[in-house]
Amino acid sequence: MSKLKPGKSPGRDNIHPEFVIHQSTTTVLSQPIWLALCFLYIMLPEIKAPKDLAPCLSASSSGGLTAPTGTSWFPSWKINSRPGNILCQDIEDSFQDNEKAGVVYLDLTAAYDTVWHRGLHLKLLRIIPDRHMVKFIMETLSNRSFILQTSSGQCSRLRRLKNGVPQGSVLSPMLFNVYIHDLPDTASRKYGYADDLAIMLSRPTWKAMEEGLNEDMGTLVAYLRRWRLQLSVGKSVAAAYHLSTREARRELEVRINNKCLEVQQSPKYLGVRLDRTLSFKQHLKEVKAKVTSRVALIRRLAGTTWGAFAKTLRISTQALVFSAAEYCAPV
2 MSKLKPGKSP GRDNIHPEFV IHQSTTTVLS QPIWLALCFL YIMLPEIKAP KDLAPCLSAS
62 SSGGLTAPTG TSWFPSWKIN SRPGNILCQD IEDSFQDNEK AGVVYLDLTA AYDTVWHRGL
122 HLKLLRIIPD RHMVKFIMET LSNRSFILQT SSGQCSRLRR LKNGVPQGSV LSPMLFNVYI
182 HDLPDTASRK YGYADDLAIM LSRPTWKAME EGLNEDMGTL VAYLRRWRLQ LSVGKSVAAA
242 YHLSTREARR ELEVRINNKC LEVQQSPKYL GVRLDRTLSF KQHLKEVKAK VTSRVALIRR
302 LAGTTWGAFA KTLRISTQAL VFSAAEYCAP V
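Numbering-wise, our numbering puts 35 at position 34 of the sequence shown, and it's gapless, one number per residue.
Printed below as a string of structure tokens:
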């Protein structure tokens, strides 16, 4: 409330910011007490699945949607703020165990735009005990429409969006994490940052690693299909990480719907090139080229007797050069 600004339009509750900014001291002091009482005497709603979710519930009886009402629905896998760092550490651990690590980088087609509203509604009810809060969240996703306009000026009729979360919204990544928090258990470890997902399995032999990855991919593909998420087979890639120079050209064979995934020697995950031995040579070359071009741009902003102020040069250097050089430096 301290960050509210006057003169702004009211929200869905039709309350102007001035009403909150200029409230009395007694009202301000009583609000925490009122909020605490709401959480203390709140009644847990009875969770009922929508009718069109019955096939999902029956099909996923072993996947986690049959837990009793009132239990906590938290992911069995963790969406970390630095999944790239953890992935690199796990690959290095497989090197220490003399094992080979196979990684599949999943690409979801229009991930935010294909979130099923009724499925998201159910999962929010499983996690948040207050149905009014869930209703408020779902209200932000409803009544969204669009019109397609061509370059010649022709417009389509108004169409209503039935799926997806708003692009650019602060709440959208969190809602998407809630939507995929119940990914099924697999032998592979799962890594995720918003819609950038990856799985990793380390085994002593190529055959065991490929069999495990293919089995886990079948499980994940079935889950994504059940919850109406589309996996892009053409953009999903596989990669193998090991220290055996003799098998450097050996390609990992992972299939989805009888189609082999593309194999890359140095795929990019969260902006970092991960080569076979995690030497980061190719990544450092790309960073060097990017930083060199930006430093040349900064040099053109000032000379010995002319140019921008020192403060402007400092801010520009931090925004253009330091940001590129320090990105993923802990990795």
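We put the beta carbon where it would ideally sit given N, CA and C, even for glycine.
Exercise for the section: State buried or exposed for THR305, treating a residue as buried only when at least 16 other CB atoms are found within 10 Å of its CB. Expected result: exposed
Handout entry: Sufficient close CB pairs (3 or more, under 8 Å) joining the segment 166–175 to the segment 211–224
Key = no
Handout entry: Status (buried if at least 16 other CB within 10 Å, exposed otherwise) for PHE323
Key = exposed
Exercise for the section: Identify, in the order they occur along the chain, each residue of the same chain with its Cβ nearer than 8 Å to the Cβ of SER233, setting aside the five sequence neighbours on each side. Expected result: ASP108, LEU109, THR110
Problem - Counterpart residues of LEU202 in DSSP-defined beta bridges - result: GLY103
Exercise for the section: Compare the C-alpha of GLU327 against each of ARG300, HIS284, GLY308, LEU302 and name the closest. Expected result: HIS284
Exercise for the section: Work out the CA separation of ILE22 and VAL29 for me, nearest whole Å. Expected result: 10 Å
Handout entry: Per-residue DSSP class, three states only, for LEU66
Key = Only weak support exists for where LEU66 lies, its pLDDT of 34 falling under 50; the value from the coordinates is given anyway. In the structure shown, LEU66 sits in coil (DSSP, three-state: anything other than H, G, I, E or B).
Handout entry: Cβ neighbour criterion (16 or more within 10 Å) applied to LEU271
Key = buried
Practice task
Just the C-alpha distance for THR26 and GLN32, rounded to the nearest angstrom, thanks.
Solution key: 10 Å
Handout entry: Best match in ARG127, LEU125, ASP114, LYS208 for proximity to GLN168 [C-alpha to C-alpha]
Key = ASP114
Practice task
Measure the Cβ-Cβ separation of LEU314 and ALA303 and say whether it is below 7 Å.
Solution key: yes
Exercise for the section: With a 10 Å radius around its C-beta and 16 neighbouring C-beta atoms as the bar for buried, classify GLY8 as buried or exposed. Expected result: exposed
Practice task
Count the other C-beta atoms from every protein chain shown that fall within 10 angstroms of the C-beta of ALA320, then say buried if there are 16 or more, exposed otherwise.
Solution key: exposed
Practice task
In the DSSP assignment, find the beta strand (DSSP E) that holds VAL238 and state where it starts and stops.
Solution key: 238–242
Exercise for the section: Determine contact between the segment 95–109 and the segment 239–246, defined as no fewer than three beta-carbon pairs at a distance below 8 Å. Expected result: yes
Exercise for the section: Could you say which of VAL105, ALA330, ARG300 lies nearest to TYR192 if we only look at CA atoms? Expected result: VAL105
Handout entry: Distance CB(ILE148)-CB(LEU159) smaller than 7 Å
Key = yes
Practice task
State the start and end residues of the unbroken beta strand (DSSP E) segment that holds TYR192.
Solution key: 190–194
Exercise for the section: Compute the Euclidean distance between the alpha carbons of VAL292 and LYS6, then round it to the nearest angstrom. Expected result: 39 Å
Practice task
Please work out which residues of its chain come closer than 6 Å, Cβ to Cβ, to VAL135, disregarding the five sequence neighbours upstream and downstream, and give them in chain order.
Solution key: LEU125, LEU126, ILE129
Exercise for the section: Put LEU320 into one of helix, strand or coil per three-state DSSP. Expected result: According to the sequence provided, residue 320 is Ala. The question's Leu does not apply to it. Helix, per DSSP.
Handout entry: 7 Å Cβ cutoff met for LEU202 and GLY213
Key = yes
Handout entry: From ASN164, ILE92, SER317, THR318, residue whose alpha carbon lies closest to that of ARG190
Key = ILE92
Handout entry: Check whether TYR180 and LEU121 have beta carbons under 7 Å apart
Key = yes
Exercise for the section: Ignoring anything shorter than 3 residues or poking outside the segment 119–151, list the beta strand (DSSP E) runs there in chain order. Expected result: none
Exercise for the section: Output yes or no for whether 7 Å exceeds the beta carbon distance between VAL273 and CYS329. Expected result: yes
Handout entry: Cβ-Cβ distance between ALA112 and ASP183 below 7 Å
Key = no
Problem - Span of the alpha helix (DSSP H) around ILE299 - result: 282–300
Problem - Span separating the alpha-carbon of ALA199 from that of HIS17 - result: 44 Å
Handout entry: For CYS329, the three-state DSSP class (helix, strand or coil)
Key = coil
Exercise for the section: For GLN150, collect the residues of the same chain with a Cβ closer than 7 Å to its Cβ; drop the 5 residues on either side in sequence, then sort them by chain order. Expected result: CYS156
Exercise for the section: Name the one or two DSSP bridge partners that ASP197 has. Expected result: TYR194
Exercise for the section: Would you mind giving the Cβ-Cβ distance between VAL238 and PHE177, rounded to the nearest angstrom? I have them listed as a contact below 8 Å. Expected result: So it is not a contact: roughly 21 Å between Cβ atoms.
Practice task
Kindly indicate which three-state DSSP category ASN258 falls into: helix, strand or coil?
Solution key: coil
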